[in-house]
């Protein structure tokens, strides 16, 4: 596998402005863009990423405070 090319190394900045959870658009948490910045790459091994992601279930739910959340649960 070739080494990924990270967008930050190309001078490209990605800003996550909102998330869509349960069909509802909500503002992105403060700092999410900066947290994800080191992971954005354009030549990643999609097959590997999809294989890893398929091992999990992603469940949207509304917590006791009325906020939308996503729970990531590893499949058995």
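Residue numbers (our numbering): 2 to 77. Built from N, CA and C at the ideal position, the CB exists for glycine as well. Note that the structure is a prediction, hence the values are computed from the model and not measured.
The shortest C-alpha to C-alpha distance from residue 34 to any of 14, 60, 45 is the one to 14. For residue 26, the CB contacts under 7 Å within the same chain, skipping 5 residues up- and downstream, are 19 in chain order. In this structure, residue 73 and residue 64 do not form a Cβ contact; the two beta carbons are roughly 15 Å apart against a cut-off of 8 Å. Counting along the chain, residue 60 sits inside the beta strand (DSSP E) bounded by residues 57-63.
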